[in-house]
Structure formats: structure tokens, C-alpha cells
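Chemist:
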Amino acid sequence: MSTSGQVKSKPLADKKIVVRAIVGSIAKLHPRIMVKNPVMFVVEVGALLTTMQLVLDALHHTGLFGFGLQITLWLWFTVLFANFAEAMAEGRGKAQADTLRKARAETQAHRLRADGSLDVVPSSKLRSGDVVVVSAGEFIPGDGEVIEGVASVDESAITGESAPVIRESGGDRSAVTGGTRVLSDQIRVRITSNPGETFLDRMIKLVEGASRQKTPNEIALNILLAGLTIIFLLAVITLQPFAIYSGAPQSIFVLVSLLVCLIPTTIGGLLSAIGIAGMDRMIQRNVIAMSGRAVEASGDVDVLLLDKTGTITLGNREATMFYPCPNVTESELANAAQLASLADETPEGRSIVVLAKDKYGLRGREFSHRNPIFIPFSAQTRMSGVDLDGLQIRKGAPEAILKHVAERGQQVPKETQQCVADISNGGGTPLLVAENARILGVVALTDIVKGGMRERFEHLRAMGIRTMMITGDNPLTAAAIARQAGVDDFLAEARPEDKMALIKREQAKGKLVAMTGDGTNDAPALAQADVGVAMNTGTQAAKEAGNMVDLDSNPTKLIEIVEIGKQLLITRGALTTFSVANDVAKYFAIIPAMFAGAFPQLNALNIMGLATPQSAILSAVIFNAVIIIALIPLALRGVKYRPAGAAALLRRNLLVYGLGGVVAPFVGIKLIDLLITYLHFA
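The sequence shown lines up with residues 35 to 716 when you count with this note's numbering.
1. Which partner residues does residue 566 have in the DSSP bridge list?
2. Label residue 196 either buried or exposed according to how many other C-beta atoms from any shown protein chain fall within 10 Å of its C-beta, with 16 as the threshold for buried.
3. Is the beta carbon of residue 442 sitting closer than 7 Å to the one on residue 471?
4. Pick out whichever of 709, 506, 559, 453 has its Cα sitting closest to the Cα of residue 416.
5. Could you check the C-alpha separation between residue 618 and residue 336 for me, to the nearest Å?
6. With respect to the alpha helix (DSSP H) encompassing residue 58, which residues constitute its N-terminal and C-terminal limits?
7. Is the beta carbon of residue 176 sitting closer than 7 Å to the one on residue 157?
8. Do you know how far the Cα of residue 556 is from the Cα of residue 151?
9. Any idea what DSSP makes of residue 357, helix, strand or coil?
10. Check residue 538 in the structure and name its three-state DSSP category.
11. How is residue 68 classed by DSSP in three states: helix, strand or coil?
12. Touch check for the segment 496 to 504 and the segment 325 to 342: three-plus C-beta pairs under 8 Å?
13. Measure the C-alpha to C-alpha separation of residue 283 and residue 674 and round it to an integer number of angstroms.
14. For residue 228, which residues of its own chain have a beta-carbon under 7 Å away from its beta-carbon, when the five flanking residues on both sides are left out?
15. Would residue 611 pass as a contact of residue 692 if the rule is Cβ separation under 7 Å?
16. Do residue 309 and residue 252 have their beta-carbon atoms positioned less than 7 Å apart in this structure?
17. Just to confirm before moving on: does the CB-CB distance between residue 186 and residue 118 stay below 7 Å?
18. Looking only at C-alpha atoms, which of 110, 364, 303 sits nearest to residue 478?
19. Looking at C-beta atoms only, is the number of pairs between the segment 440 to 460 and the segment 364 to 373 that lie closer than 8 Å three or more?
20. Exposed or buried, residue 199, counting other C-beta atoms within 10 Å across all chains shown (16 or more means buried)?
21. Whole-angstrom Cβ separation of residue 262 and residue 297, contact assumed at under 8 Å?
22. Could you give the C-beta distance for residue 299 and residue 77, rounded to a whole number, given that I count them as a contact under 8 Å?
23. May I ask which residues mark the beginning and end of the beta strand (DSSP E) holding residue 464?
24. In three-state DSSP terms, what is residue 582?
25. How many whole angstroms separate the CB atoms of residue 582 and residue 565, which I take to be in contact at a CB cut-off of 8 Å?
26. State the Cα-Cα distance for the pair residue 664 and residue 598, rounded to the nearest angstrom.
27. What do you get for residue 288, buried or exposed, if any count of 16 or more other CB atoms within 10 angstroms of its CB means buried?
28. Could you give the first and the last residue of the continuous beta strand (DSSP E) run that contains residue 429?
29. Smallest Cα separation from residue 641: which of 345, 626, 652, 634?
30. Can you confirm whether the segment 562 to 578 touches the segment 544 to 554 when touching is taken to mean that 3 or more C-beta pairs between the two stretches lie within less than 8 Å?
31. Does DSSP put residue 345 in a helix, a strand or coil?
32. For residue 169, report the span of its beta strand (DSSP E) as first-last.
33. Checking 7 Å against the spacing of the C-beta atoms, do residue 473 and residue 446 come in under that value?
34. Taking Cβ positions, are residue 657 and residue 703 nearer each other than 7 Å?
35. Would you decide whether residue 714 is buried or exposed? Buried here means 16 or more other CB atoms lie within 10 Å of its CB.
36. Measure the C-alpha to C-alpha separation of residue 294 and residue 325 and round it to an integer number of angstroms.
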């Protein structure tokens with residue numbers, strides 16, 4: 035994907051984002067907000083307790099006021115730093131939302147009245163079902179579907195891509211988005227959304243992260259963190275009686291410091307930021323994720339289902355060649371095929387008309403005086419044609435035409451049967467043309483596989499993802515396209531219910547299934563899939579059914595989506611490992627400081643050589659706070675994902691973040707101890 039098509043990522047140190055995050059971190063101190071994060075809520079309660087004790091000590095002139103003040107301040111900083119991390123992640127989304135709001139402007143709409151006249155109204159007055167006329171140079175006033183005409187549309191305000199796109203009635207490229215501009219021609223659009231419910235409105239809400247819900251894995255991790263917090267809370271509470279018994283009672287400052295350093299504050303402070311940052315990275319790739327759940331699920335995808343037309347192939351099949359039967363000229367076949375396609379409004383039918391016009395100059399026909407009866411294409415007959423001057427010309431699927439001529443006692447020449455098989459085996463779609471039950475020949479429709487698809491699928495295979503192509507084509511054609519594209523499997527002659535059944539079968543095996551599609555017939559499958567990625571060029575039904583929308587309409591974007599999902603999971607796992615591991619150094623800092631006076635033997639645990647009990651405790655608390663702010667860039671950017679097996683990822687995680695989580699605090703706490711001792715803070 036070109037860089038021009040991506041939403042620009044705001045830098046981490048953007049002044050507006052930082053200022054907004056500072057204000058947000060203070061606003062998040064409200065207990066009703068903090069209680070959603072059990073770990074940081076305990077830290078806040080501890081900070082409140084030390085604050086109250088500090089006030090009492092000041093009033094009664096007891097205790098070590100300077101030591102208590104520093105502990106209290108750093109506990110509040112710990113809470114604020116955690117809130118700052120979450121606010122930074124949200125702030126990046128809000129900054130992008132501000133950019134999107136600029137694209138949402140009040141426009142004038144030309145609404146079509148029942149009598150055919152036009153009524154000029156503000157776009158905010160439009161309702162679902164209204165029909166508007168949009169001409170070249172005008173902005174489309176709301177989300178909708180083209181019901182008449184074809185036009186070039188500038189969607190750069192939404193997708194960032196400068197290249198215009200074609201929107202036309204019928205097919206899977208009829209959806210248009212409010213705020214985009216028509217560059218040529220004129221179209222009629224049926225509005226499909228009410229004010230405040232447009233795609234752009236939903237994008238703004240989503241990128242702000244306001245509706246982000248916790249995912250199952252995130253909930254499970256929260257339960258684990260809450261469990262660890264309760265265990266350490268009980269341990270600290272029961273520690274005081276032992277301390278009193280040993281003759282070394284501890285102050286509230288020391289006990290709270292011990293608790294805060296032992297509970298997993300690092301991951302507790304960064305957990306929300308990691309989830310929000312995952313959605314933010316989706317936005318940077320021009321993908322709108324409807325929930326954090328969808329982002330996380332994409333990291334565990336096992337099976338990927340891809341709709342063929344418009345996804346694996348460039349789009350609608352196009353007529354590329356006429357193959358006449360023996361004793362039939364190619365121009366005669368082209369003439370009949372074009373006549374049979376004049377009433378066929380499908381893209382395939384229109385391409386036959388164009389091919390005959392370009393190759394044989396067949397254009398500008400006027401035969402209304404001959405009373406033609408056009409037979410439009412239908413899914414039931416799978417044929418189209420025209421009755422003209424006693425001639426019955428039909429064009430359609432081989433099975434339909436074979437049945438048509440068989441009913442009239444005719445047969446298909448063997449050469450033509452072989453031609454049909456050759457076209458199908460080569461990945462094309464054959465159409466037979468008949469005149470008065472006599473087969474004239476075959477029209478070849480060709481699907482063009484998008485460039486680089488095979489390499490992309492190989493990449494997915496390396497990530498452990500199985501790819502399956504879904505198509506309504508016959509098995510021979512489907513097999514040829516599957517071989518050319520490099521997918522692992524395919525489902526031919528698929529109906530919407532077949533797609534859903536396939537997804538349910540895979541899910542019953544415990545697999546997570548991702549589906550990409552752009553048509554209304556893909557909507558049920560997109561809704562059933564664990565990750566449903568709808569193309570922005572697709573129909574409104576598809577976009578509403580999926581839980582992600584790709585603004586670039588690039589089906590291979592799913593590779594990036596999966597990588598972002600895996601990156602989110604790996605980042606969360608890495609920081610959880612680091613958070614648990616860095617508790618080790620704190621044991622060697624605080625435990626000796628608490629009990630060395632009563633049990634001098636515990637001085638042997640002071641392997642860092644910390645100066646005093648007060649400096650040891652204060653150093654551990656300071657490190658516990660500053661490590662959160664130091665890890666914010668990593669939480670927002672994510673740990674880089676590299677395709678590898680689970681064992682290799684686990685080894686790297688333990689080596690880098692497990693061992694690093696053990697070593698870093700020893701170094702950090704010692705350096706802080708040296709600094710505060712030098713400054714006489716303890």
C-alpha cells in the first residue's frame with residue numbers, strides 16, 4: 035500500500051497530545067474511573083492512606099516527614115503516570131478524530147421529490163431512504179448507494195488516496211461515503227444513514243477509543259492481576275503483626291511502599307494503553323476496527339476466507355475473446371453476442387458489448403423499428419438475449435444454453451465442448467451464444483488475479499494461517515484461479531449460506547476465522563466470522579456486517595491486520611513478563627530495609643549495597659513509578675512482530691523481557707539510590 039493512503043501517525047511527543055494527556059491523567063483520578071483498573075486503584079488507595087498519615091504526622095510532629103512526603107508524592111506520580119499512558123494512547127486517537135472532523139462539513143443536497151423535481155436542503159435534513167442527485171464538483175451529502183449513473187469520486191478526504199475511484203449502480207462498487215466529492219458525471223444516490231449515524235461519524239467515535247471494550251484475553255489478564263494484587267495485599271496486611279512481634283513495627287509508608295512495589299503495577303499501568311494503541315495502529319494502516327476485541331482476535335486467526343471477485347481478482351470478469359464454432363465467423367459470433375447482451379446490465383454483459391464494438395466496430399445500432407424483445411439476465415435462467423425478426427438469440431452459462439438447445443433437439447459441437455473445458459481449466463469463465471437453438475460459439479470471460487497475491491499468501495502460510503478462496507464459479511474455474519493465486523483451498527459454487535456453514539464448521543473445530551468481502555452476499559459471513567474485514571468500496575450491508583473496514587479496499591491488508599493483532603498480544607505478554615520479573619529486585623531492596631534492624635542477618639540480601647533503609651524503600655518506589663513512563667513509547671508502538679513459531683517467540687520473550695525485567699531494576703534502583711543519597715533526599 036502506498037504511503038499516501040495511510041492516515042498520518044501523530045508523533046509521541048506532539049505538544050497538543052502531551053498537554054491533553056496531562057489534563058486527562060488528572061481527570062482519570064476519579065475513583066469510578068480508577069476502579070476499572072484494580073491494580074492502579076489499589077495504588078491510589080495506598081496514596082490516599084499515606085497522604086492522610088502525612089497530614090497526621092505534620093499535625094503531631096511525629097515520624098519522618100521528609101521520607102513520608104517523598105513516598106506519598108511518588109505514589110501519586112505512579113498513578114498519574116499510569117493514567118498518562120492511557121491518556122496518551124487516547125489522545126493520539128482524538129487527534130486523528132479532529133482531522134476527520136474537518137472532512138465532515140455541512141453541505142447542500144439536491145433531494146429528489148416524488149414529482150421528479152429537486153429540493154435543495156442541508157445534508158443534516160436528509161434521512162435514510164431519501165434520493166439525492168449529485169453532479170460533478172459537488173460533495174456527496176451522506177452515506178448511500180448509487181442507484182443510477184456512474185461517476186468518478188474523490189475519496190481522499192476519507193482514505194487519503196489521491197487517485198479517484200469509480201462508483202456505479204449495481205454490483206459491489208455502488209457504496210458511497212458522505213463527505214467525498216464527485217469529479218465527473220452525475221449520479222443518483224439513495225441515502226442509507228440518518229444524521230449522526232454516518233460512516234464518518236462512526237469513524238470519529240471509534241478512533242477516539244470512547245467505545246473500546248476489553249477483550250476476553252484482556253479480561254483474563256485483569257483477573258490475574260487482580261488475583262496477584264489480592265494475594266500481595268493479604269501478605270502485606272499479615273506482615274505487620276509479625277513485624278510487631280519481632281520488634282520492628284512498620285509505618286504505613288513502608289507497608290504501602292512494599293505493597294505497591296510487589297503488585298504488578300507496570301503492566302497494570304500500561305494495559306489500557308496497549309489495547310488503545312492497537313486500535314491506533316489499525317487507523318495508521320487505514321483500517322477502522324469497530325472494537326479492541328476485533329484487533330485482538332486478528333492476532334489469533336487460524337483460517338482466512340477470501341471472496342474471489344474484487345478481492346483476489348481485480349474485479350468483475352471481462353470478455354476477452356470470441357471462439358466461434360466450425361462454419362461460424364468470429365464477426366458473426368461477436369454480432370450475436372453483442373445483440374444478446376444489449377439488455378444485460380451486468381458488468382460481464384457490458385464488457386461483451388464493449389469488446390464487440392472495439393474489435394469489430396459494432397456500434398450505434400438502431401433497430402427499434404424491428405420491435406425487439408429483450409430478455410434480461412436473471413439468476414434463475416442464467417441467460418440473457420433478444421428476440422428479433424424471428425431470431426432467438428441467447429447468451430449465458432454453458433449449462434443454461436445446453437439445456438436451452440437440448441429442449442429444441444440440438445447438440446453442441448465437440449470442438450465447442452472442448453473449448454468450454456479449456457477456458458474453464460485455464461481459469462476463465464465460458465459463455466455460450468446460440469441463435470435459434472444453434473450454437474454459434476463461446477465468449478471467454480477472464481478473471482485477472484491481482485499482482486503479488488501468491489507472495490502474500492505464502493507470507494500468511496508462514497504465519498500459520500490457512501487461506502481459502504470462496505467463489506460462485508464452477509469448480510474447474512475456481513481450481514484454476516486458486517492455483518494461480520496460491521491459496522490453500524477453495525469453495526466453489528458458494529451461496530451465502532454455504533459461506534456461513536463453512537465458517538461455522540471451522541469455528542466448531544476451535545479455529546478463529548477471518549473473512550474479507552465487499553458484497554451484500556458476503557454480509558452474513560462477515561457477521562459470523564471472528565474477524566470480518568469489509569472493503570470500503572463494498573456495499574453498505576457488508577460494511578455494517580464486518581467488525582473492521584479497510585478504507586483502501588485492499589484485501590491483502592489482512593496480513594497487516596493479523597500482524598498488528600499479533601503485535602498487540604506479544605506486546606501485552608512482553609510487558610506482563612517484564613512487570614512480574616522486575617519484582618525480584620524489589621524484594622532485595624525492601625525486605626532487608628524493613629527487617630535488617632531486627633534481624634541483622636538479612637543485610638546479606640542487600641546485594642545492591644543500598645545506603646539506608648529509607649533510601650532503599652524510596653529508590654524502589656521511584657523506580658516503580660518511572661519505569662511506567664519509560665515504557666509508554668514501547669506500549670504505544672508495540673513490540674515488533676516477526677513470523678516465528680510459538681516456542682521461538684516464548685524464548686525471545688523470556689530472554690529479552692524476562693531476563694531484562696530482572697536485571698533492569700537492579701541497575702535502576704542502585705542508580706536512583708546513589709542519586710538520592712548524593713542529594714541527601716534520604
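Heads up, the beta-carbon is just placed ideally off N, CA and C, and yes, glycines get one too.
Modeler: Judging by the given coordinates:
1. Note: residue 566 sits in a beta bridge opposite 549.
2. For residue 196, the predicted model reports a pLDDT of 49, less than 50, meaning its position is unreliable and no value from the coordinates is stated.
3. yes
4. 506
5. Rounded to the nearest angstrom, the two C-alpha atoms are 37 Å apart.
6. 49 to 61
7. yes
8. 36 Å
9. strand
10. helix
11. Of the three classes helix, strand and coil, the one that applies to residue 68 here is helix, per DSSP.
12. Because the criterion of three Cβ pairs below 8 Å is met, the segment 496 to 504 and the segment 325 to 342 touch.
13. Per the coordinates, the alpha-carbon of residue 283 lies some 47 Å from the alpha-carbon of residue 674.
14. Same-chain partners within the cutoff: 161, 162.
15. Residue 692 is positioned such that its CB atom lies closer than 7 Å to that of residue 611.
16. yes
17. Between residue 186 and residue 118, the gap from beta carbon to beta carbon reaches 7 Å or more.
18. Closest option to residue 478, Cα to Cα, is 364.
19. no
20. buried
21. 6 Å
22. 6 Å
23. 463 to 469
24. strand
25. 7 Å
26. 22 Å
27. buried
28. 425 to 430
29. 626
30. yes
31. helix
32. 165 to 169
33. yes
34. yes
35. Exposed, by the Cβ-count rule.
36. 32 Å
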